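Accompanying notes for the structure given below.
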Amino acid sequence: MQTLIVATATRVGTGNLIGVVAAVSAGGAGAIFWMWVTALIGSSTAFVEATLAQLHKEIDPIYGGYRGGPALYIQHFCKGNSGKRSMIAVLFALSGLLCWCGVSQVISNSVSEAFYNAFQIPPIVSTVILVVLGAIVVLRKNATVKVLDIMVPVMAAFYFVLTLVVIGKNITLLPSVFTRIMEEAFGIRQVVAGGFGAVLMNGVKRGLFSNEAGSGSAPCAAAAADVSHPAKAGLFQALGVLIDTIIICTCTAMLMLLAPEELLSGLSGMALLQTAMNHHFGYIGVIFIAIALWLFSFSTFVGILYYARPNVAFLFGNDMKWQNAYKILALAMLFIGGLATYTTVWDLGDIGVGLMTIFNLIIILPMGGQALDSLKEYEEMRKQSKDV
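Taking my numbering, the leading residue of the sequence shown gets 19, the next gets one more, and so forth.
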């Protein structure tokens, strides 16, 4: 159970709010359907990449424990132990570092907007506070915020309960909401208007941003997990994808789609979600989203720097100065993102995650047999009642 919590915690974060809001803002309600499709397909890729990360992990001489991820299993697949660098592995690691800088921008941009909507705090103030607190935490060697380990799951559970309350109050509207999602996912109106591609792409992009399946981010954390069998980490990561997108992301979608459509017309970004929450719960709903987003954002920022560790080491070696250099770069991007416009902050992250996914999928297709063999071994051990 603890492993499942860890696996889910690495996925549940800002993407569950920001990603869904962005998908609906740019692609309409139909984008939600394609987020669901991405999750169903992504659960299988999440299993493969997490299992491979466990099979190809190595001892971490900088932070202790183990490290790994796509850069390492790509290197092993392409070059073995020859010592020569795999170009695909290098490109993946660079893409990852680019992506996580972009995610830093998205995080601070959304937090600054949410706090301005809730408390009229100027973006520069909320951004500086976020960066300063981030620096205090992440510039330590083994960055972690113990209180977030408790607060984030509690906040996610509370968020789920609030959604159930909203659904209960608007139960008669559910059929029309699901009809709208399906109509806009496949509807003639979207095809004729040339908007079907936008619906599909935004659903896929934001689903991937939220659950990370196939992009190669989560395996960087999965490699360090303490599990009794590699396939076990893969199965937990696959379930984590479904919990992340099918449950938590759907909560955000329902909160927006169960609000009057005319009320949200023309809105985008966090204003879209906070206006919906104001409709459901009054001003307290606006404040709740700001606080929840801040907690999710802080945990996500710590998480992406955790993802970056093995990639920085792969590119630049086992020297702490390079780890700190990337942390400072990410903090700089955190500051820039808080003051940038909403639409531009997505660009860097989208480019990075797209490249990561391409390089990762190129390799996990031929390597997938290793993960399936590991699963067969695990199932055999379970049948023999061995303790795994």
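Virtual Cβ for every residue (Gly too), placed ideally from N, Cα, C. As the structure is a computational prediction, the values presented were derived from the model and not from experiment.
Whether Gly87 touches Gly234 by CB criterion (8 Å): yes
For the alpha helix (DSSP H) containing Pro328, list its first residue and its last residue. 301 to 334
Could you check the C-alpha separation between Val66 and Gly252 for me, to the nearest Å? 6 Å
Opening and closing residue of the alpha helix (DSSP H) in which His94 lies: 88 to 97
Residues bridged to Arg85 (per DSSP): Glu76
What's the C-alpha gap between Gln138 and Leu383? 49 Å
For Leu282 versus Val184, is the C-beta spacing smaller than 8 Å? no
To the nearest angstrom, report how far apart Cys269 and Glu201 are at their CA atoms. 20 Å
Alpha helix (DSSP H) containing Ile125: first to last residue? 105 to 137
Please classify Gln402: does DSSP put it in a helix, a strand, or coil? coil
Kindly indicate which residue of Gln93, Asn160, Ala64, Glu131 has the alpha-carbon position closest to the one of Met105. Gln93
What separation, rounded to the nearest whole angstrom, lies between the Cα atoms of Ile346 and Phe314? 21 Å
Nearest to Leu35 by alpha carbon, out of Cys267, Ser286, Ala331? Cys267
Contact between the region 151 to 161 and the region 382 to 396 is defined here as three or more beta-carbon pairs at a separation below 8 Å; is this criterion met? no
Exposure of Ala343, with buried meaning 16 or more beta-carbon neighbours within 10 Å: exposed
By a C-beta neighbour count over all protein chains shown, 10 Å radius and 16 as the cutoff for buried, is Thr69 buried or exposed? buried
For Ala241, three-class secondary structure by DSSP: coil
Kindly confirm or deny that the region 136 to 151 and the region 294 to 310 touch, where touching means at least three C-beta pairs closer than 8 Å. yes
Please work out which residues of its chain come closer than 6 Å, Cβ to Cβ, to Ala211, disregarding the five sequence neighbours upstream and downstream, and give them in chain order. Low per-residue confidence applies at Ala211: pLDDT is 44, beneath 50, and the placement is therefore not dependable enough to give any value.
Below 8 Å, can you find three or more Cβ-Cβ pairs linking the region 112 to 123 to the region 324 to 332? yes
Please state if the CB of Ile307 and the CB of Ala132 are separated by a distance shorter than 8 Å. yes
Taking Ala41 as the reference, give the member of Leu357, Ser392, Ala203, Ala243 with the closest Cα. Ala203
Taking the alpha helix (DSSP H) that Ala47 belongs to, which residues open and close that run? Taken as a continuous stretch (DSSP letters only), Ala47 belongs to no alpha helix (DSSP H), as it is neither H nor E.
Say whether the region 234 to 243 touches the region 74 to 90, bearing in mind that this needs 3 or more beta-carbon pairs closer than 8 Å, one atom from each stretch. yes
Just reading off the alpha helix (DSSP H) that Gly252 is part of, what are its end residues? 248 to 260
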